[in-house]
């Protein structure tokens, strides 16, 4: 980013929301945009990977159960990547509440695990764990 | 505004560089970052290094330490989430007009100014919201001398605040008639706030944890200090709270963000539970009430 002005006041932290449910994506987008974030969406792990390789993000929020590439496999693929995107923080947001699901996500390299439904304030608070600065 | 062309993490910084940077930011601003934010910090640091043309962390850090071109402000701002919009957390504004101001004017002579401070005010949405809210919701607004000050560590944000130009997203919580009264459209997606309102707010630079900075601000009746203390560690939080305490008149009130409580930060303030909001009060000589 060479535009000084843009890099300072106007550059918003970018979050990628990966979920096959359009309603969930819409909900996350609304909450996060209100929270001052720029939001990009993907409908499965494959599309998420393509976006991450082409654009910069500060955080990925990812569902577990998705067609083509599920959330856990996506995180494994991300962590195995040779470039710096391997360190991109991932927040799993899912309806799967079992301890095995949590353990799978942790083992794959997820940074945090949230069980849906996630209220607005809770979502923003968890996103703020990874994206800092005052608001 | 995506930097989609630049490969993520193009500039190499080491763990040690990041540690030094965080230490420096902490000492200068009180903001502390944990390990969860490492990726975020790397990215912001790379952005600022690219923006300033620094070829290495070492040269960037030298620029930062010499405070050339106010780089510390730009860096802090790069870490900032600009969540502000007009009438954000309006329950506190409602509390101000339904409970706080009545109590404040009781103890004042008519000619004494009522002083309200928004810190940090970022690009001005909060102090302008206070001004608009008073115009719309406080019948006594004409019979008092009200001073509104907006302060921030970032002079660039303050310049934008003074210009008063906003995108339509910042207006999302405002009623249609309020938008019509106080904003003029200057471009398809841009509006400018009314000149009268721009004149009603004074913008100044201030650093919450710098005691000598803060010593220039005294005698406030209400301070809005929202969603900044959450980014401080305990020590800086206490310093900020003590500085704010000194800036308030006895009996003055402080409004924090919805997830923040003063009780865990400093014992100096009393807690006031009003119908619309919980606010904190600097004790009047001898009592809180």
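Protein chains in written order, with this note's numbering: chain A, 939 to 1073; chain B, -12 to 276.
Note that the Cβ used here is the ideal one computed from N, Cα and C, for glycine as well.
Limits of the unbroken beta strand (DSSP E) element including residue i
| i | result |
| --- | --- |
| residue 1028 (chain A) | 1028 to 1032 |
| residue 211 (chain B) | 207 to 212 |
| residue 191 (chain B) | 188 to 192 |
| residue 240 (chain B) | 235 to 243 |
| residue 267 (chain B) | 265 to 268 |
| residue 257 (chain B) | 257 to 260 |
| residue 952 (chain A) | 952 to 956 |
| residue 180 (chain B) | 177 to 180 |
Listed by chain order, chain A residues near residue i by CB distance under 8 Å
| i | result |
| --- | --- |
| residue 194 (chain B) | The premise fails here: residue 194 (chain B) is roughly 12 Å from chain A at the closest Cβ pair, so nothing lies under 8 Å. |
| residue 246 (chain B) | 1059, 1063 |
| residue 256 (chain B) | Going along chain A, no residue has its Cβ under 8 Å from residue 256 (chain B), so there is no contact; the nearest lies around 20 Å. |
Per-residue contacts from residue i into chain B (C-beta, under 9 Å)
| i | result |
| --- | --- |
| residue 1067 (chain A) | 21, 23, 24 |
Residue range of the alpha helix (DSSP H) that includes residue i
| i | result |
| --- | --- |
| residue 62 (chain B) | 58 to 65 |
| residue 971 (chain A) | 960 to 972 |
| residue 79 (chain B) | 77 to 82 |
| residue 5 (chain B) | 2 to 16 |
| residue 34 (chain B) | 25 to 39 |
| residue 976 (chain A) | Per DSSP, residue 976 (chain A) belongs to no alpha helix (DSSP H); it is in the beta strand (DSSP E), 976 to 980. |
| residue 1016 (chain A) | 1009 to 1017 |
| residue 997 (chain A) | Counting along the chain, residue 997 (chain A) falls outside any alpha helix (DSSP H), though it belongs to the beta strand (DSSP E) covering 997 to 1000. |
| residue 984 (chain A) | 983 to 992 |
| residue 199 (chain B) | 198 to 201 |
| residue 47 (chain B) | 44 to 53 |
Distance cut-off 7 Å: residue i Cβ against heavy atoms of the ligand ADP
| i | result |
| --- | --- |
| residue 995 (chain A) | As presented, the structure is devoid of all ligands, the ligand ADP included, so that no description of it is given. |
Contacts that residue i makes with chain B (C-beta to C-beta distance below 8 Å)
| i | result |
| --- | --- |
| residue 996 (chain A) | 26, 27, 30 |
| residue 982 (chain A) | None at all; the shortest Cβ gap to chain B is about 21 Å. |
Whether residue i touches residue j by CB criterion (8 Å)
| i | j | result |
| --- | --- | --- |
| residue 188 (chain B) | residue 118 (chain B) | yes |
| residue 23 (chain B) | residue 1012 (chain A) | no |
| residue 956 (chain A) | residue 1002 (chain A) | no |
| residue 953 (chain A) | residue 977 (chain A) | yes |
| residue 1047 (chain A) | residue 1017 (chain A) | yes |
| residue 1033 (chain A) | residue 1054 (chain A) | yes |
| residue 114 (chain B) | residue 135 (chain B) | yes |
| residue 240 (chain B) | residue 204 (chain B) | no |
| residue 152 (chain B) | residue 192 (chain B) | no |
| residue 207 (chain B) | residue 236 (chain B) | yes |
| residue 25 (chain B) | residue 65 (chain B) | no |
| residue 154 (chain B) | residue 177 (chain B) | yes |
| residue 87 (chain B) | residue 125 (chain B) | no |
| residue 194 (chain B) | residue 16 (chain B) | yes |
| residue 147 (chain B) | residue 116 (chain B) | no |
| residue 13 (chain B) | residue 1070 (chain A) | no |
| residue 973 (chain A) | residue 1052 (chain A) | no |
| residue 1009 (chain A) | residue 992 (chain A) | no |
| residue 170 (chain B) | residue 180 (chain B) | yes |
| residue 990 (chain A) | residue 958 (chain A) | no |
| residue 970 (chain A) | residue 995 (chain A) | no |
| residue 10 (chain B) | residue 143 (chain B) | no |
| residue 1074 (chain A) | residue 1043 (chain A) | This structure does not reach residue 1074 (chain A), given that chain A is present from 939 up to 1073, and the question cannot be answered. |
| residue 104 (chain B) | residue 234 (chain B) | yes |
| residue 18 (chain B) | residue 92 (chain B) | no |
| residue 173 (chain B) | residue 131 (chain B) | no |
Chain-ordered chain B contacts of residue i [CB-CB under 7 Å]
| i | result |
| --- | --- |
| residue 1070 (chain A) | 20, 24, 27, 66, 218 |
| residue 1026 (chain A) | 26 |
| residue 1003 (chain A) | Those do not exist, as residue 1003 (chain A) stays about 26 Å from chain B at its closest Cβ, beyond 7 Å. |
Cβ contact check for the segment 71 to 83 of chain B and the segment 18 to 38 of chain B: 3 or more pairs under 8 Å: no
The segment 224 to 233 of chain B contacting the segment 191 to 202 of chain B, beta-carbon criterion three pairs below 8 Å: yes
In chain order, each alpha helix (DSSP H) run of at least 4 residues that lies wholly inside the segment 1028 to 1063 of chain A: 1037 to 1046
contact_flag[the segment 257 to 271 of chain B, the segment 44 to 57 of chain B] where n(CB pairs < 8 Å) is 3 or more: no
3-residue-minimum beta strand (DSSP E) runs that sit fully inside the segment 87 to 170 of chain B, ordered along the chain: 101 to 105, 133 to 139, 152 to 154
Inter-stretch contact at 8 Å, needing at least 3 Cβ pairs: the segment -3 to 13 of chain B / the segment 39 to 53 of chain B: yes
Touch test, the segment 132 to 147 of chain B against the segment 101 to 115 of chain B, Cβ-Cβ under 8 Å, three pairs minimum: yes
Contact between the segment 210 to 219 of chain B and the segment 238 to 255 of chain B (3+ Cβ pairs under 8 Å): yes
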